[in-house]
Every structure is written in C-alpha cells, then in structure tokens.
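For reference, each letter of the sequence shown is one residue, going 1003 to 1277 in our numbering.
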Amino acid sequence: MGVPRRNRKSDSQVNAPLQASAPRHRPCHSRRPWRGSLAAESPIDKIVNAAKSTVSKSIFLTIPRVSELILNGQRKVAPGLSVAHYANGLPSFYNAGKYGKRSLPPRNIVLHDTVGYTASGAYGTLAKKGFSTHFLVEADGTVYQTLDPADKAIHASEWNATSIGIDIVNPLDPKLDGQGRVLRAADWAPKGTYWDLTGLQAKALRGLLTALEQAYSISDVIPRRANGSPAYAKVQETLNIDPNSYNGVIAHAQVNSNRWDGNDALVKLYGGGVA
1003 MGVPRRNRKS
1013 DSQVNAPLQA
1023 SAPRHRPCHS
1033 RRPWRGSLAA
1043 ESPIDKIVNA
1053 AKSTVSKSIF
1063 LTIPRVSELI
1073 LNGQRKVAPG
1083 LSVAHYANGL
1093 PSFYNAGKYG
1103 KRSLPPRNIV
1113 LHDTVGYTAS
1123 GAYGTLAKKG
1133 FSTHFLVEAD
1143 GTVYQTLDPA
1153 DKAIHASEWN
1163 ATSIGIDIVN
1173 PLDPKLDGQG
1183 RVLRAADWAP
1193 KGTYWDLTGL
1203 QAKALRGLLT
1213 ALEQAYSISD
1223 VIPRRANGSP
1233 AYAKVQETLN
1243 IDPNSYNGVI
1253 AHAQVNSNRW
1263 DGNDALVKLY
1273 GGGVA
C-alpha cells in the first residue's frame, strides 16, 4: 500500500506554469554533478567513505538479481525489474549518523546522470566525495538499490529531505564515448548534443518510477512551462520550485543552475523520446 500523501497539491497546482529563476547555487567546476554542500567529515566517516570508494565492479556483477525493491524496510515485489540490492549483499550508502530516517515520506524524485560508464564506478565516486543516491540504473537495465527510500541520501542539496535520488549510468557528454548510445540534439545541452538513454535503461527507469510513485503517492508529472512544454532547464538556469510542496519527478538540472543532467531522462520518458 502507498504511504498517505502529505498535503498533496492538486495536479493542476503541481503542474502549474513555471518560470526560470536566477541561479541559486554556488559554482562547481568538477565534472561530477554537484550534490550540495557537505558538513566536515569525521575521521570515521573518512575511513568508511574511503573503503566504499574502492568497491570493485565484480561485486556489483555477482549480486543476485531479483524482481523486488526494499521500501520502508520491507521487500516489495517489482514486476519487470531486475534489481540488485543491499539486502542481498550490494554495498550500501547507509550511515545512521549521517543520513538517518526521514521524518516524513518522500514526495518527489530527482533524476541524475553519472557522467560515467558503470554503476560500480559511480558508487565509488559518490562514496569518495561523501555523496549518495538511492538507486543506480545501469545501461543493461539493471537497477542497483543502495539505500531504502525511507532513508535520506545526499544528492540534491535542499531536496535531500523530500526526494528519492536515481542516478542513470550515462556519460551524457558528447565528447565521451557513448558506447552504442544514440547521439541526440537538444538546446539545453551545453554542446548542443547528448547521449540518450539505452532502451533497456528507459524501460527499467519507467518501471522503477512507477513502483516508487505507487508506493509513496508521488505524482507522475514533471515541471512544465506556461505553454505546457516540459521545462528542460539549461546551464545557468533553474526553476523556482519548492521541494516541500512539489509532488512529482524532476531533473537535477532543474534544481541546480550549474548542471544539465537528468534532462535526458525527462526527454526519454515525458518528452517524446524514442525508447
């Protein structure tokens, strides 16, 4: 059963016309999408994160695949999904002192791109930097669950408390090897083009979103502009959206003016992209 909504707005309110606003985040010059400011790491946190960052690709490949997700501490059947999760041996980002349980259920989902080639590599990079995510979606459609959505992850600054983070394994940048992906044009892409999701990724992401939306009463909507078109935010543009009231799916690019990741997934699933 889904978790009851918390003061959910009507669909017309959720999907109300949105306008671009001035950048609200500090610049970040690393290639990895910035996740927000971090508190100083304790000596123990440094040791834990260093150990997590050395996770080998072989560990990710040997975890059993099942058609279930861990939601609120319970195994929930997820038909059509191939999931490797921490309850079956996958490394987890969980750190009780740093993350902890949410006071309220999540009400939105933030989509990211790894800007890399493997889920294991993305996990290591995030752990090394002290960031985290709930799910990673591999190019072959495998879903790696590294946190229970009941726990907070550090992935999108002020959206951490209200959102579920999903990282899509995609180099995105056209200067990098697309490894068989289709190169598509977009005015929101800094270089004019980007690598599309694979068909298997799109199918898995759609299934994952549906499962999470049903479990947590999250609307299957995205931010749109006054004319009804999807609001694909460009670099140096962000949308004036309150994470505490928005109920739906959103891209990292739309909440961080220095990023453009997550737009690819919105195009694929909500903007007429070819699966």
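By construction, the Cβ of each residue, glycine as well, lies at the ideal position given by its N, Cα and C atoms.
On the DSSP letters alone, give me the boundaries of the beta strand (DSSP E) that F1133 sits inside. Looking at the DSSP string, F1133 is not in any beta strand (DSSP E), and its letter there is neither H nor E.
Flag this pair as touching only if the stretch 1250-1262 and the stretch 1108-1116 have three or more C-beta atom pairs under 8 Å; answer yes or no. Because the criterion of three Cβ pairs below 8 Å is met, the stretch 1250-1262 and the stretch 1108-1116 touch.
To the nearest angstrom, how far is it from the Cα of N1162 to the Cα of A1152? 12 Å
Residues of its chain near K1078, where Cβ-Cβ distance is below 8 Å and the 5 sequence neighbours each way are ignored: E1070, L1071, I1072, A1213 and A1217
Tell me which residue opens and which closes the alpha helix (DSSP H) that T1064 is part of. K1059 to T1064
Are at least three pairs of beta-carbons, each pair with one atom in the stretch 1080-1091 and one in the stretch 1134-1151, less than 8 Å apart? yes
Own chain residues within Cβ distance below 8 Å of S1134, not counting five before or after: Setting aside the 5 residues that flank it on each side, S1134 is surrounded in the same chain by F1095, Y1101, L1128, T1148, L1149, A1155, I1156, H1157 and G1167, each with a C-beta closer than 8 Å to its C-beta; the list follows chain order.
Could you check where the beta strand (DSSP E) with T1195 kicks off and where it finishes? T1195 to W1197
For A1187, I'd like the list of residues in its chain whose CB is within less than 7 Å of its CB, leaving aside the five on either flank, ordered along the chain. G1194 and T1195
Can you list, in chain order, the residues of its chain whose CB lies under 6 Å from that of A1052, leaving out five sequence neighbours each side? In this prediction, A1052 has a pLDDT of 47, which is less than 50 and means its spatial position is unreliable; what the coordinates show is noted afterwards. Taken in chain order, the list of residues that qualify is empty.
Classification of S1165 by the beta-carbon crowding that lies within 10 angstroms, buried from 16 upward: buried
Counting C-beta neighbours from all protein chains within 10 Å, is the total for P1108 16 or more, i.e. buried, or is it exposed? buried
Residue burial classification, A1191 (beta-carbon count within 10 angstroms, cutoff 16): buried
Got a sec, what are the start and stop residues for the alpha helix (DSSP H) D1266 sits in? N1265 to Y1272
Buried versus exposed, by CB contacts within 10 Å (16 or more), R1067: By the C-beta density criterion, R1067 is exposed, having fewer than 16 other C-beta atoms within 10 angstroms.
Can you give me the start and stop residues for the beta strand (DSSP E) that Y1146 sits inside? V1145 to Q1147
Return yes when the Cβ of L1268 is within less than 7 Å of the Cβ of R1208, no when it is not. no
Among residues of its own chain, excluding the 5 on either side of G1123, which ones have a beta-carbon nearer than 8 Å to its beta-carbon? K1059 and T1116
What separation, rounded to the nearest whole angstrom, lies between the Cα atoms of G1091 and Q1076? Between G1091 and Q1076, the C-alpha separation is close to 16 Å.
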